[in-house]
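S.K.: Counting in my numbering, the sequence shown tops out at residue 67, every number present. We put the beta carbon where it would ideally sit given N, CA and C, even for glycine. Just so we're clear, the structure is a prediction, and the values are computed from it rather than from any experiment. Below: one structure in structure tokens.
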Amino acid sequence: MTRSGQWSIIFLINNGGYTIEVEIHDGPYNVIKNWNYTGLIDTIHNGEVKCWTTKVRCED
Numbered sequence: 008m009t010r011s012g013q014w015s016i017i018f019l020i021n022n023g024g025y026t027i028e029v030e031i032h033d034g035p036y037n038v039i040k041n042w043n044y045t046g047l048i049d050t051i052h053n054g055e056v057k058c059w060t061t062k063v064r065c066e067d
């Protein structure tokens, strides 16, 4: 997308793991470490274009 000069909006949503699977069969394998999602933009743009990130948290 950036190579062809297209303006793009990408939403990454973290649902915090496998909630349904925990209810069905709980185990340590259902606990997933959070990624650095805002760091993903460094991989996508590679310093070639302007990019902007933000992190939003919702109240529990």
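Taking Lys40 as the reference, which of Asn21, Val63 and Trp14 has the closest Cα?
M.R.: If we check each option's Cα against that of Lys40, Asn21 comes out closest.
S.K.: Would you check if the stretch 42-53 and the stretch 26-34 touch, i.e. whether three or more CB-CB distances between them fall below 8 Å?
M.R.: No contact exists between the stretch 26-34 and the stretch 42-53.
S.K.: Thinking C-beta only, is Ile48 closer than 8 Å to Thr60?
M.R.: The answer is yes: Cβ separation under 8 Å.
S.K.: On the three-state DSSP scale, how would you describe Glu55?
M.R.: Coil, per DSSP.
S.K.: Between His52 and Cys58, what straight-line distance do the alpha-carbon atoms span, to the nearest angstrom?
M.R.: One C-alpha to the other measures close to 7 Å.
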